[in-house]
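A.B. asks: Would you mind keeping the following structure in view while I ask a few things?
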Amino acid sequence: MVAYLYSKVPKSRTLVKKMSKFHELTPLDRRGEPFPFSQLEGKTVLIVNVASKCGFTPQYKELEELYKKYKDQGFVVIGFPCNQFGHQEPSTDEEIGQFCQLNFGVTFPVLKKINVNGPEADPVYEYLKAHKSGMLGFKAIKWNFEKFLVDGKGNVVERYSSLTKPSSIEKQIEKLLGKNGK
Numbered sequence: 001m002v003a004y005l006y007s008k009v010p011k012s013r014t015l016v017k018k019m020s021k022f023h024e025l026t027p028l029d030r031r032g033e034p035f036p037f038s039q040l041e042g043k044t045v046l047i048v049n050v051a052s053k054c055g056f057t058p059q060y061k062e063l064e065e066l067y068k069k070y071k072d073q074g075f076v077v078i079g080f081p082c083n084q085f086g087h088q089e090p091s092t093d094e095e096i097g098q099f100c101q102l103n104f105g106v107t108f109p110v111l112k113k114i115n116v117n118g119p120e121a122d123p124v125y126e127y128l129k130a131h132k133s134g135m136l137g138f139k140a141i142k143w144n145f146e147k148f149l150v151d152g153k154g155n156v157v158e159r160y161s162s163l164t165k166p167s168s169i170e171k172q173i174e175k176l177l178g179k180n181g182k
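Below is the structure:
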């Protein structure tokens, strides 16, 4: 039975089928290697579903600026490419990584392309949506560059729409970094 359950999980999904804690999740990096969230314990994390051909793509610049400014204090940005909104991320995982680096100098982790909604939604996004609803209580991700802020204990603290500029949440990040004791 277990083999059957795992055989039905798409390769882009995380390696775990059901987890109750953020730090137990293990998504895949863009090379298909495990990226265990256990390494994020004690860190403030901003998770963003990203796309290369979106009107919000320039947010990569502010995301990278925040990452560079606070990474030594225990802050991590993680990008999850997604092609579910207007087919604005048609590239391969390798092409996405090159695009991010060449156009925005991205050094934060950009993981494997996933789905964030529907029956094939990655468990990371199932977890995030279950712990923080969007506007009017809707769980579904509405568009590219929706953001989730997670504290060092793995609590989903806030959810921001695509319209929210990364720089506008800097004070909240600083507040959480102070609570993390960093």
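Reading the sequence shown from the start, the letters are residues 1 to 182 in the working numbering. Beta carbons: idealized from backbone N, C-alpha and C, even for Gly.
(1) Does His-23 pass the burial test, meaning 16 or more other C-beta atoms within 10 Å, or should it be called exposed?
(2) Count the other C-beta atoms from every protein chain shown that fall within 10 angstroms of the C-beta of Phe-99, then say buried if there are 16 or more, exposed otherwise.
(3) Using DSSP's beta-bridge definition, name the partner residues of Pro-81.
(4) Per DSSP, what kind of secondary structure is Asn-117 in: helix, strand or coil?
(5) Please report the residue range of the beta strand (DSSP E) in which Val-110 lies.
(6) Measuring only the C-alpha atoms, how far is Ile-173 from Thr-92?
(7) Which residues mark the beginning and the end of the alpha helix (DSSP H) in which Glu-170 is found?
(8) Given a cut-off of 9 Å, decide if Thr-26 and Val-150 are closer than it, judged by their beta-carbon atoms.
(9) Do Asn-49 and Ile-169 have their beta-carbon atoms positioned less than 9 Å apart in this structure?
(10) Apart from the five residues on each side of it in sequence, which residues of its chain come closer than 6 Å, Cβ to Cβ, to Pro-81?
(11) Quick one: grab the DSSP three-state call for Glu-64.
(12) Check whether the Cβ atoms of Val-110 and Lys-132 lie closer than 9 Å to each other.
(13) Please return the same chain residues whose Cβ sits closer than 8 Å to the Cβ of Ala-130, not counting the five positions on each side in sequence.
C.D. replies: Considering the structure as presented:
(1) Taking the sequence shown and counting its residues from 1, the one referred to as residue 23 is at position 23. When all chains shown are included, His-23 counts as buried.
(2) In the sequence shown, residue 99 corresponds to position 99, counting from 1. The residue in question, Phe-99, is buried, as its Cβ has 16 or more Cβ neighbours within 10 Å.
(3) Here residue 81 is taken as the residue at index 81 of the sequence shown, counted from 1. DSSP, once it has assigned bridges, lists Val-50 as partnering Pro-81.
(4) Taking the first residue of the sequence shown as 1, we reach residue 117 at position 117. DSSP places Asn-117 in coil when its eight states are reduced to three.
(5) Working through the sequence shown from its first residue, we reach residue 110 at position 110. Per DSSP, Val-110 belongs to no beta strand (DSSP E) and is neither H nor E.
(6) Residue mapping note: residue 173 aligns to position 173 of the sequence shown, counting from 1. Residue mapping note: residue 92 aligns to position 92 of the sequence shown, counting from 1. For Ile-173 and Thr-92, the distance between alpha carbons rounds to 31 Å.
(7) Position 170 of the sequence shown, counting from 1, holds the residue named residue 170. Taken as a continuous stretch (DSSP letters only), the alpha helix (DSSP H) holding Glu-170 covers 170-179.
(8) In the sequence shown, the residue the question calls residue 150 occupies position 150. In the sequence shown, the residue the question calls residue 26 occupies position 26. It is not a contact, given that the beta carbons lie outside the stated cut-off.
(9) If you number the sequence shown from 1, residue 169 lands on position 169. If you number the sequence shown from 1, residue 49 lands on position 49. No. Outside cutoff.
(10) Counting from one through the sequence shown, the residue named residue 81 turns up at place 81. Excluding positions up to five away in sequence, the list reads Val-50, Glu-89, Ile-96 and Lys-113.
(11) In the sequence shown, counting from the first residue as 1, residue 64 sits at position 64. In this structure, Glu-64 counts as helix in the three-state DSSP scheme.
(12) Locating residue 110 in the sequence shown gives position 110, counting from the first residue. Locating residue 132 in the sequence shown gives position 132, counting from the first residue. Going by C-beta atoms, Val-110 is not nearer than 9 Å to Lys-132.
(13) For the purposes of this step, residue 130 is identified with residue 130 of the sequence shown, where counting begins at 1. Excluding residues within five positions, the ones whose Cβ falls inside 8 Å are Lys-139.
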